[in-house]
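In what follows, a single structure is set out as structure tokens and then discussed.
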Amino acid sequence: MEASDEPETRSAWFEQLASVAHCPVCEGEVGVVERKNGPRLQCATDPQHLDWPTNEEATG
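Mapping the sequence shown onto the numbering used here, position 28 (from 1) lands on 32, and the numbers just tick up by one.
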């Protein structure tokens with residue numbers, strides 16, 4: 005597997021998770037946000053409800 009495949013695979017998994025996940029606080033939709041350290045799942049209504057992985061967890 006080439007190094008360029010890993011970030012693409014990670015992003016694809018995050019998209020799959022976002023398509024079935026709901027915010028644990030408001031039950032709203034969850035979306036994927038691309039950051040410099042990798043993708044994150046966030047609540048579409050209020051990012052303070054859900055912003056995963058936490059800052060302590062490495063994503064990239």
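Backbone N, C-alpha and C define an ideal beta-carbon position, used for all residues, glycine too.
Distance between Q20 and T63 (C-alpha atoms, nearest Å): If you number the sequence shown from 1, residue 63 lands on position 59. If you number the sequence shown from 1, residue 20 lands on position 16. For T63, the predicted structure reports a pLDDT of 49, less than 50, and the residue's modelled location is therefore unreliable. The matter cannot be settled from this model.
Starting from Q52, trace the beta strand (DSSP E) in both directions and tell me its first and last residue. For this step, residue 52 is matched to residue 48 along the sequence shown. Q52 -> no beta strand (DSSP E), and no H or E assigned at all.
Endpoints, the beta strand (DSSP E) within which E38 is located: Here residue 38 refers to the residue found at position 34 of the sequence shown. Element bounds for E38: 34-39.
Determine the contact status of W56 and R44, defining contact as a CB-CB distance below 8 Å. The residue given as residue 56 occupies position 52 in the sequence shown. The residue given as residue 44 occupies position 40 in the sequence shown. In this structure, R44 lies closer than 8 Å to W56 by Cβ.
Taking V36 as the reference, which of P28, C47, T13 has the closest Cα? On the sequence shown, position 32 is the one that residue 36 refers to. Nearest in C-alpha terms to V36, of all of P28, C47, T13, is C47.
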